[in-house]
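K.L.:
Residue numbers (the numbering used here): 1 to 203. Backbone N, C-alpha and C fix where the C-beta goes; we use that ideal spot for every residue, glycine too. I have a structure I would like to understand better, so I am pasting it below and will then ask my questions one at a time.
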Amino acid sequence: MRAVATVTAQATRPRVPVNRPNVVAIGTIIWLASELMFFSALFAMYFTLRSVNPEVWADQTQLLNVPFAAFNTTILVLSSVTCQLGVFAAERGDRAKLRMWFIITFLMGAFFVSGQVKEYTELLMEGFTISSSPYGSVFYLTTGFHALHVTGGLVAFLFVLSRTYVTKRFTHEQATTAIVVSYYWHFVDVVWIALFAIIYILK
């Protein structure tokens, strides 16, 4: 009887914690923390160069198209909203709505990157290059690395969307992937808000 009771107790005992943290989500958060350190170093470089070259900053910030950058920033910020709506759909298991919101987010992100390319083209035509001055170097490095991160996010959206079309059933794993991608997207949005404030607003 004791052996039977032991087996019964083991069978009824939960094998895993009910509310254990998702390993993928935790890993993503840790990775984003390292990315935050990377961008913090870029911010530090920006302020260091600015402190020793104030006259260059005062002169060359006049070349920036602030209204266009503000519009581009608004598009990116709104893409965080559509991304989160896609996450809510994923949590409900609504594959169609997830696709819709993530496609909209992808298009908005692509528009933002296109806007960056347009701005770079106009600045290059003005003779403002990465080697023209310390300000040019730090401007292209900070905004360029951010644009690369946004492009990486666009690739991640394509990955999530492709899986929803390839598989017949929407799984918990796919929902988790969508949530993790949203963490990354919100991160690059927040970083850009800081970059926009420092580069375009703080003269």
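#1: Compare the Cα-Cα distances from Ser162 to each of Ala178, Leu148 and Ile29 and report the closest residue.
#2: Quick one: what's got a C-beta closer than 7 Å to Met45's C-beta in the same chain, skipping five residues either side?
#3: In three-state DSSP terms, what is Ser132?
#4: Within the region 32-89, note down every full alpha helix (DSSP H) run reaching 4 residues or more, in order along the chain.
#5: Reducing DSSP to helix, strand and coil, say where Arg99 ends up.
#6: From the DSSP output, in three-state form, read off Phe111 for me.
#7: Would you kindly report the start and end of the unbroken alpha helix (DSSP H) that includes Lys94?
#8: Relative to the C-alpha of Leu107, which candidate in Phe157, Lys97, His149 and Leu85 has its C-alpha closest?
#9: If you measure between the beta carbons of Thr204 and Phe196, is that distance less than 9 Å?
P.N.:
Taking the geometry as given:
#1: Position 162 of the sequence shown, counted from the start, is the residue given in the question as residue 162. Of Ala178, Leu148 and Ile29, the residue nearest in Cα terms is Ala178.
#2: Here the question's residue 45 lines up with position 45 in the sequence shown. Answer for Met45: Val138, listed in chain order.
#3: Within the sequence shown, numbered from 1, the residue matching residue 132 stands at position 132. Of the three classes helix, strand and coil, the one that applies to Ser132 here is coil, per DSSP.
#4: Fully enclosed alpha helix (DSSP H) runs of 4 or longer: 54-60.
#5: Here residue 99 is taken as the residue at index 99 of the sequence shown, counted from 1. Arg99 sits in a helix when the DSSP states are folded into three classes.
#6: As a first step, residue 111 must be located in the sequence shown, where it is residue number 111. Three-state result, Phe111: helix.
#7: Reading the sequence shown from its first residue, position 94 is the one you call residue 94. Lys is not the amino acid found at residue 94; the sequence shown has Asp there. Run containing Asp94: none; DSSP gives neither H nor E here.
#8: Here residue 107 refers to the residue found at position 107 of the sequence shown. Nearest C-alpha to Leu107: Phe157.
#9: Nothing in the structure corresponds to residue 204, since the chain is present only between 1 and 203.
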